[in-house]
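Throughout, this note's numbering is defined as the position within the sequence shown, counted from one, plus 23.
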Amino acid sequence: MILLSLLLLILMCGTSYAIPAFSRQYGTSCSTCHIDFPKLNDFGKAFKDAGFKFPKDDESFIKIPPIMLGAPANKELWPRTIWPGTIPGLPPIGLRFNTFFQVVSKNRNNFNTGNLATRLPARAF
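What follows is the structure, encoded as structure tokens:
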């Protein structure tokens, strides 16, 4: 029963669009670049325009050393080839839990005033 519930929960999950890979790499919070997800603030726009690197002296801000892709021997053997980039040192795994709860009652009040004009007194003091 638990396995079935877990399977249903996984299948009902919506699409996720955000992972805090850059936040982990630079050791900052998400609010450094975002006003409210997915909206970027001015620093976030500059960070995106700079190729997802901090402006000027990027290496001093990196808290987790990146893993280089490719073998250094191949770089020396073919110096004019495109050298692969880097990936973050930690896996970019992030969890986000969004809750929503709505109750709709089956008991609805039928508020019927009838003819409201006949119920009002002729004169009100």
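Glycine is no exception: its CB is placed at the ideal position from the N, C-alpha and C atoms.
Once the 5 residues before and after residue i are set aside, which same chain residues still bring their CB inside 7 Å of it?
i: D2; result: Residue 2 lies beyond the residue range present for the chain, which begins at 24 and ends at 148; the question has no answer from this structure.
i: L63; result: C56, H57 and K71
i: S54; result: none
Between the options, which has its C-alpha nearest residue i's C-alpha?
i: L118; options: S28, A44, L31 and D72; result: A44
i: G37; options: N121, F66, P102 and S52; result: N121
i: G22; options: E99, Q125, R103 and F77; result: Because the chain is modelled from 24 through 148, residue 22 falls outside the range shown and cannot be assessed.
Could you give the first and the last residue of the continuous alpha helix (DSSP H) run that contains residue i?
i: I160; result: The question about residue 160 has no answer here: the residues shown for the chain are numbered 24 through 148.
i: A69; result: D65 to D72
i: Q125; result: Unbroken run through Q125: none, as it is neither H nor E.
i: S46; result: A44 to Y49
In angstroms, rounded to a whole number, what distance separates the CA positions of residue i and residue j?
i: S46; j: S128; result: 43 Å
i: F124; j: L27; result: 22 Å
i: M24; j: G67; result: 45 Å
i: P61; j: L29; result: 28 Å
Could you please give the first and the last residue of the uninterrupted beta strand (DSSP E) stretch that includes residue i?
i: I116; result: Taken as a continuous stretch (DSSP letters only), I116 belongs to no beta strand (DSSP E), as it is neither H nor E.
Excluding the five sequence neighbours on either side, which residues of its own chain have a C-beta within less than 8 Å of the C-beta of residue i, listed in chain order?
i: M35; result: none
Enumerate in chain order the residues of its own chain whose CB-to-CB distance from residue i is below 6 Å, with the five nearest sequence positions on each side excluded.
i: E99; result: none
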